[in-house]
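Structure record follows, encoded as C-alpha cells.
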Amino acid sequence: MTTVGDEMHALVERLYPLCRSITGDGVRRTLEIVGETIPLQVHEVPTGTEVLDWTVPKEWNIRDAYVKDPSGAKVIDFAESNLHVVGYSVPVSATMSLDELRGHLHTLPAQPDLVPYRTSYYRETWGFCLRENTLAALPGGQYEVLIDSTLADGHLTYGEHVVEGEVADEVLISCHVCHPSLANDNLAGIAVATRLAARLAENRPHFTYRFLFMPGTIGAITWLALNRHRVDRVRAGLVLACAGDSGALTYKRSRRGDAEIDRAVEQVLRTSGREHTVIDFSPYGYDERQFCSPGFNLGVGSLTRTPYAGYPEYHTSGDNPDFVSPEAMTDTLETCWEVLRVLEANRRYTNLSPYGEPQLGRRGLYGSLGGRSDTQQAQMAMLWVLNLSDGDHDLLDVAERSGLPFPLVAEAAAALHDAGLLKE
Amino acid sequence: MTTVGDEMHALVERLYPLCRSITGDGVRRTLEIVGETIPLQVHEVPTGTEVLDWTVPKEWNIRDAYVKDPSGAKVIDFAESNLHVVGYSVPVSATMSLDELRGHLHTLPAQPDLVPYRTSYYRETWGFCLRENTLAALPGGQYEVLIDSTLADGHLTYGEHVVEGEVADEVLISCHVCHPSLANDNLAGIAVATRLAARLAENRPHFTYRFLFMPGTIGAITWLALNRHRVDRVRAGLVLACAGDSGALTYKRSRRGDAEIDRAVEQVLRTSGREHTVIDFSPYGYDERQFCSPGFNLGVGSLTRTPYAGYPEYHTSGDNPDFVSPEAMTDTLETCWEVLRVLEANRRYTNLSPYGEPQLGRRGLYGSLGGRSDTQQAQMAMLWVLNLSDGDHDLLDVAERSGLPFPLVAEAAAALHDAGLLKE
Amino acid sequence: MTTVGDEMHALVERLYPLCRSITGDGVRRTLEIVGETIPLQVHEVPTGTEVLDWTVPKEWNIRDAYVKDPSGAKVIDFAESNLHVVGYSVPVSATMSLDELRGHLHTLPAQPDLVPYRTSYYRETWGFCLRENTLAALPGGQYEVLIDSTLADGHLTYGEHVVEGEVADEVLISCHVCHPSLANDNLAGIAVATRLAARLAENRPHFTYRFLFMPGTIGAITWLALNRHRVDRVRAGLVLACAGDSGALTYKRSRRGDAEIDRAVEQVLRTSGREHTVIDFSPYGYDERQFCSPGFNLGVGSLTRTPYAGYPEYHTSGDNPDFVSPEAMTDTLETCWEVLRVLEANRRYTNLSPYGEPQLGRRGLYGSLGGRSDTQQAQMAMLWVLNLSDGDHDLLDVAERSGLPFPLVAEAAAALHDAGLLKE
C-alpha cells in the first residue's frame, strides 16, 4: 500500500536529477511534474523586467559539461551529477593546464567525499564542483574543459496554485524550486507543499490558499513586485524548506513575532507533543526574508526540520534522496495540516450575551457535548470562549489562556455560535 | 474570653443545620441570623423575573423527607441531615422496590462514609443522597419514600449590607448562601463577611462597602441585573468562599489580572509572610464568574483558603463545622482587613513640586518621622512617593516598585499631603 | 611614560587637600585646577536666590580649626585633615570641659581608626570629627576650641564645560564637587569627567556635551532652575561618582528605565565583557535624584564602580587617594567613552527600499566589507539594519535584537546610508 509519505518520496526522487536554477528549463520541467498532481499557473517573466530593487536576470540553460584529463577520461561529468557545474556558468570550450583549471574548481576539503553546490548568479564566470578526493588524484597536464550552456535573455519561471476559499483572505505557502540535485533543501518542501495543496482541494476551505513554487530570493521578489497591490490580502503564510530530514521541527517566527501564523504554529507544536524548536525571526534564511521585509512585514513564518544551513550535508551532494524520509515529510505535512486547521477555525467572536454567563443548560449546550469523556473540558471551553469573546481575543487567545486544546475550543465556539450566543 | 474566631465558629455552627438552597426559607432564616450582627436589607425577587439571560426559578421549600425500608425503619432521614435530599427535589410520596429506588439514590463509592451534596435546580426530579456503606446494607423489598417539598412560584431572596463611606465608589464583598449543611463552602465565608462588615462599621471608611449574601450564580445574576445601571461604581470586589479550612490562602485574580484588587491582595499576601498561592482568573468557581463576565468585567477577585473543589470533603458531609477552625477564619478575616486597609489608603497623588526634590528638611518632614526605628525607610518612602506621584502611579505602584511596606508608603504620602506637597 | 590613569590619579591627589563644601573657596579652587585641563565657565549664584523649591544657602569658608587639650596640645587639627571639622560649622572660640565638648564630637565606634565625614548644611551648629581611638585617649579637663569659619552671604559656585557638537541636542555628564578630602566619592568622578571632556574636544562630536561640576543636590537644583527652559535639549546624561575604587562597574538606570542612555550603557557593559551590575532607579544616591524627578524625568543614569554608600570607607578618612587607582579610573573612563561612541552613532534610520531586500551585490556592499574576518557578521548587520529601519527602531534596537556588536551595526548602517539605501 502506498502511503502519502511514499508518494512524496517518489516525487523527490523523480525531481532530483533535474538541473534547476533560478531560471531555465529545470524549473519548467519541475513545475510540469508538480502540475501532474495539482494544476499550476506557470508565469514567465522576461529577462530585464524590473522587480522591486532587482532586475530579472538572463535565463540560464545547460546541456552538457565535463572536464577530461590528459588521458581523455572524463574526471568531472555534468551527466553524472548536475552539482558538478557552478550554477549560471558561462559557456566554455578550452584546453588548459591543471593549474589554470584549479582556479575554477570548488571542493570541500573538510568533507572530501562530497561535492559542494555553488552558484554565481550575478557575476559571470564558470566553474566546476568536485570531491576533494577527486581533485587530489588529478594528474598534471592539459585538460579539456567544456560547458555547453546558454546565458541569454529569456524568462524567470514560477508556478502558482490557488485553492479558492469562501473568502478572499489568503494564506501563502511558499517553497523554493531553484536548487538542482538537493533533496532536503528544495525537493522535500516541494513534495510537502504539493500534497498539502492536494489535500486542501478535497474540501472548500474558508480561506483562499496560494501555493508558490518559486526560485529563492529573485522569485519571491518577482512575485511580490507583481502582486504588490494585493499583498494586503495575505492573512498568514509559511515558507516551507528542509522539510524531510530526520531532525526535529523548527519554526522561525515572522518579523512581527506574534502574528497569527506564529501563534497558530506554536499552538500546534506545543500541544502536539512533537519535539520542536521555535526561534525568532532573523533576516536570513529562505524567502521569509522578502515577505518580512519592513515594507511588506507580512505574517509569514518559516517551517523547517533542521533549519537553514544547520546540517553537514547542507548544500552538498550528501543532501540526496536518502537524506530525506517518507516519515519526516509526512510529519511535516501533518504539522502543516494541523496549522491550517487552526487558521481555518480561528475567529474573533463577540459574545452576544456578555452580561453574566448565559444559561447554557436551557439551550441544551451542556447536553450537546455530553456523553463524551471530555465533557468537563468541553464545558470549560464554552465558558472560556464566552468569557474572552469580547472582540479583543480570537480563539487562539482562548486556547492559549485556557490551556485547552484548540480543536475543543473551536468546537465549543461553533456550538455557541449555532446557539446564537456568538457573532463573528 | 471569646475571640472573634470563636464568634465566627459559633455562627457557622448555628447556621449549619438550616436547609439552604438557591431559594426558600433556609436562605431567609440564614439572613435573619446574620442580621442579628449586621443590619441586612433583604430583597425578595419574584419567580419568573427575567434577570440577564436567566429567569428567577420557582421557590423550593422542604419540611420532611425520608426513606423507610421494608421493616418500616427510616434508613434515610432528612431530619438527620439536609444533605440527604437532592436540592430542589419535587414532592414524592410512593412505595417502590429497591431497584426502582436505586435510580434516585446518590452515593460516593470512593468515599463510602460520606454523604454527597447534589442539586437539580433546572431539571425537575427528585433524589436522595446517602453513604455508599448505607446503600450496600439495604435489604431488598418495598420502600416507602416521602419528600414533603414545595416547588412553586415564590421568590429568590438575598441580603445586602452597606457601610456608607465618604465617597460613593464601592467595594463589593460577596459570599454565597445557597448551600445547606456545608461549613467551609458557604458558612465560613458568611461568618468572615459578617465580622468584616461589623468591623468596618466601627469607623466611617473612605469607600462605600457593599456586602452581598446571595445564592450562587442565580443570585449574583439577579443582583447584577437589578444593579446593572450602577455597577460602574464598583471600584473593587472580593468573592469570599472556602474561608475556614486549614489550607493556605489562595487568591484568584480578576479577569483583568491587574485590577486594583489584584494588586492590593497580592501586596498584602506578599508582604504578610503568609503562605499563599495566586492563580489566574478562569471562568469557573464562585460568583467571580458573573462579576467578571466580559460585559461587566469588574475588578473582582476571589479569596479562598483551599480553592473551589480542591479538598476531598468538598460537597460532602465531611464539610462540617469540624472542618473549619476559628484560627483559619480569623486569618482570612485579618487578610481581608489588611486588603481593605490598602484599598482605603491607595490613592493616585500628584506631586505639586515635581521639579527636583522638594526640600523636606525645612518642612520638618524628616523630623516628622524621626525617632522611629524605620526612619531611613520612612524617608525612602517619602522620596519614592514624590518621585512616582506623576499622575500615572498610585501608592500600590509605589509600594511595588520601591519594595517598601504599603502602610509606610501610605503614611509617607499622608505626611506629604499634609505638608501641601501632594494633591489627590 | 605617563598614562591617562596616572594623570587622573595625580589630579585626585592635587585636589584631595582642598576643603570643598557646597559653597566656598574650596569649590572655586577645585574648578580653577580642573580649568587648567579644560576651559570652565564658572557660575556664581548669590545666596538667597530661589532655585526650584530651595534657596541658595549662605557661603561657608574656613581658615583654621583645632581643639587643644588641657596641656595645650592640638588633639584635633583641621590643618591635618579637613574632615576633622563638620562641614558648615559656625565659628567658635571657647574653652569648655571635655564633657561639654563631647556633644560636638563625631566618631565611628565600629571603625575606630577612621575619621567620619559630617556636614550640617541646613541647621547652624558646629562640630569636630575624629577617630574613636583618639577620643578614647582624651584626658579630662578644659579644652580650647577654635573654628575660624565664616558663614555669610556669598555665592554658590559651579563649573560648566561645553563641547559643541554638530547639533544642539545635549548629553550631560555631571559630577559632584562638594566633598572635602574624599577621593572616590568626589575626586575620581571629577578626574574621569575632566579626561572625558578633554578627549571629546579632540574631535567635533555629533551631539553637544555639557560637563557639569557642581555641588551635590543644591548644585543640581540650581543648575536645573537656571536651565529649566532648555532641559528639553538633554538627550541623555550620566552622573559620574565613585569612579575609582576597585569594585566592578554599577549602572543605575534612569527613572524611565529604557531611556537611550540606559540602553547604551547596558549595551556597552553587556558586550564589553566587563564585570558589572545594572540596578533600577531609586530616588536616592547622587544627582540623578534631581534629573529624574518627575517634572524633569530626564534620561539620566548613574555610573559608579561600587555604588553609593556601598563600601566601608564611604564618607570616612579611608576614602583617600590610595583607595582609588589609575587602572579603575581608566576603566571607568573607557566605559564612558564607549557609551558616548554608542550615543554618537545611534540613529533611527528609514530604509528607502523597504519592499524586499535591496540588491546589495550590485552596489558593491558585500565587497565593501569583504576581506575581513567578520564578513558574514557584517553582511548580517546590513540585513538587520535594513530589516529594522522602519522608523520605529534605532541602531541600539538593531544591536539588541540581532545580538551583533553595536560598532558593526553602526558601520553597516553607515555603508547603507552612503549607498543611498537609508535616510536619517
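Residue numbers (the working numbering), protein chains in the order written: chain A, 1 to 424; chain B, 1001 to 1424; chain C, 2001 to 2424. In this text, a Cβ means the ideal position worked out from N, Cα and C, and glycines have one as well.
Residue i versus the options, residue with shortest Cα-Cα distance
i, options, result
"C/Q2376", "C/L2404, C/N2351, C/R2363 and C/S2021", "C/L2404"
"A/T47", "A/E170, A/E202 and A/V56", "A/V56"
"C/P2321", "C/L2083, C/A2201, C/A2137 and C/A2188", "C/A2188"
"B/H1176", "B/N1297, B/Y1121, B/H1104 and B/L1240", "B/L1240"
"C/I2261", "C/L2303, C/F2296 and C/R2289", "C/L2303"
"C/G2285", "C/E2059, C/L2408, C/F2207 and C/Y2308", "C/Y2308"
"B/L1156", "B/V1162, B/V1278 and B/H1043", "B/H1043"
"B/N1129", "B/A1243, B/A1152, B/H1084 and B/Y1158", "The residue asked about is misnamed: residue 1129 of chain B is Cys in this sequence, not Asn. With distances taken between Cα atoms, B/C1129 lies closest to B/H1084."
"A/V167", "A/T23, A/E344, A/M96 and A/L298", "A/E344"
"A/P39", "A/G216, A/R195 and A/A136", "A/R195"
"A/S246", "A/Y16, A/K58, A/T330 and A/D418", "A/T330"
"B/D1025", "B/C1178, B/D1053, B/Y1251 and B/V1339", "B/C1178"
"C/F2296", "B/R1263, B/G1356 and B/F1207", "B/G1356"
"B/T1316", "B/R1014, B/A1110 and B/L1031", "B/A1110"
"C/V2268", "C/P2205, C/L2333 and C/A2414", "C/L2333"
"A/Y251", "A/N227, A/A236 and A/F281", "A/F281"
Continuous alpha helix (DSSP H) stretch holding residue i: start and end
i, result
"C/C2336", "P2326 to A2345"
"C/H2155", "Segment H2155 to V2163 is the beta strand (DSSP E) holding C/H2155; no alpha helix (DSSP H) there."
"A/W126", "No alpha helix (DSSP H) contains A/W126, which DSSP labels as neither H nor E."
"B/S1272", "E1260 to S1272"
"C/T2208", "No alpha helix (DSSP H) holds C/T2208; the beta strand (DSSP E) holding it covers T2208 to M2214."
"B/L1386", "T1375 to L1388"
"C/A2410", "F2406 to D2418"
"A/E400", "L395 to S402"
"B/V1004", "V1004 to L1015"
"C/D2099", "L2098 to R2102"
"C/L2421", "Here C/L2421 belongs to no alpha helix (DSSP H), and DSSP marks it neither H nor E."
"B/A953", "Residue 953 of chain B is absent from the structure shown; chain B starts at 1001 and stops at 1424."
Limits of the unbroken beta strand (DSSP E) element including residue i
i, result
"B/F1291", "From DSSP, B/F1291 is part of no beta strand (DSSP E) but of the alpha helix (DSSP H) over E1288 to F1291."
"C/T2304", "V2300 to T2304"
"C/G2237", "V2234 to L2240"
"C/S2174", "E2170 to H2176"
"C/I2038", "No beta strand (DSSP E) holds C/I2038; DSSP gives it neither H nor E."
"B/V1192", "Run containing B/V1192: none in the beta strand (DSSP E); it sits in the alpha helix (DSSP H), A1188 to A1201."
"B/I1076", "K1074 to D1077"
According to DSSP, residues forming a beta bridge with residue i
i, result
"B/A1152", "B/E1059"
"C/I2279", "C/K2252"
"A/V45", "A/L156"
"C/H2147", "His is not the amino acid found at residue 2147 of chain C; the sequence shown has Ile there. C/A2065 and C/V2092."
"A/V85", "A/F128"
Residues, ordered as in the chain, of the segment 2340-2367 of chain C that lie near chain A by beta-carbon distance below 8 Å: N2351, S2353, P2354, Y2355, G2356, E2357, P2358, Q2359, G2361 and R2362
The segment 66-84 of chain A in contact with the segment 139-150 of chain A per 3-pair CB rule at 8 Å: yes
Meets three-Cβ-pair contact criterion under 8 Å: the segment 1378-1391 of chain B and the segment 2003-2010 of chain C: no
Segment contact, 8 Å Cβ cut-off, at least three pairs: the segment 1189-1209 of chain B with the segment 1249-1258 of chain B: no
Near-chain B residues of the segment 2109-2131 of chain C - C-beta to any C-beta below 7 Å: Listed by position along the chain: Y2122.
Members of the segment 247-260 of chain A near chain C, C-beta cut-off 9 Å: R255
Inter-stretch contact (C-beta, 8 Å, three-pair minimum) for the segment 2388-2395 of chain C and the segment 2343-2358 of chain C: yes
Under 9 Å (Cβ pairs) to chain B, residues found in the segment 2046-2069 of chain C: V2051, L2052, D2053, W2054 and T2055
contact_flag[the segment 2124-2140 of chain C, the segment 2085-2097 of chain C] where n(CB pairs < 8 Å) is 3 or more: Touching, yes.
Residues in the segment 1196-1209 of chain B having any Cβ partner in chain C nearer than 7 Å: Listed by position along the chain: nothing, the set is empty.
Chain B contacts made by the segment 2292-2321 of chain C, where a contact means CB separation under 8 Å: C2292, S2293, P2294, G2295, F2296 and N2297
Chain-ordered residues of the segment 1212-1224 of chain B with a beta carbon less than 8 Å from chain A: T1217, A1220, I1221 and L1224
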